[in-house]
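J.:
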Amino acid sequence: MHATTTQEFYVVTALINMALWLRFWSSGYAYSLSCPVVTRPSWLPAPFVLALRQKVLYLTLCRGSPFVMLAAAVWPVWPLRLITAAWHSLYALAESSCTHSHRDFAAIYCTWALALLPTNLAHGVSLG
């Protein structure tokens, strides 16, 4: 079976996230869990972002993101793509609110395009 572009996207994104979290795991999550400043969009309630930053939820989002991506690669059905887009969005919000990183924004855009658009349009819109 030949992997589709969509499946390749999910696998590559999962591998990148795994590599990042292996790096953070080896440093004890020191930086991402102890940031004194948390930023958020002005329209988003602060308690929501702070809830995402609670250690158990934060680590669940971060560690689970690669596995959700891999699941979407193996079973590319619409409901799982929607869950993947939502999960990755929450993960990126929690992570970027502290590290101020923008690396996940392109992946969020792609996951939502793959979740919401018909396959023939999603590939062009998100993957070029």
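Quick note: the sequence shown, position 29, residue 29 per the working numbering, numbers continuous. By construction, the Cβ of each residue, glycine as well, lies at the ideal position given by its N, Cα and C atoms.
#1: Can residue 9 and residue 98 be called in contact, C-beta distance under 8 Å?
#2: By the three-class DSSP mapping on this structure, what secondary structure does residue 63 have?
#3: Residue 75 by DSSP, collapsed to three states: which one?
#4: Would you check if the distance between the CB atom of residue 80 and the CB atom of residue 86 is smaller than 8 Å?
#5: Go ahead and label residue 68 buried or exposed: buried means 16 or more other beta carbons lie within 10 angstroms of its beta carbon, across all protein chains shown.
#6: Buried or exposed: residue 53, going by 16 or more other Cβ atoms within 10 Å of its Cβ?
#7: Which of the three DSSP states is assigned to residue 103 in this structure?
T.: For this structure:
#1: No.
#2: helix
#3: Reduced to three states, the DSSP call for residue 75 is coil.
#4: no
#5: buried
#6: Burial call: buried.
#7: If DSSP states are grouped into helix, strand and coil, residue 103 belongs with coil.
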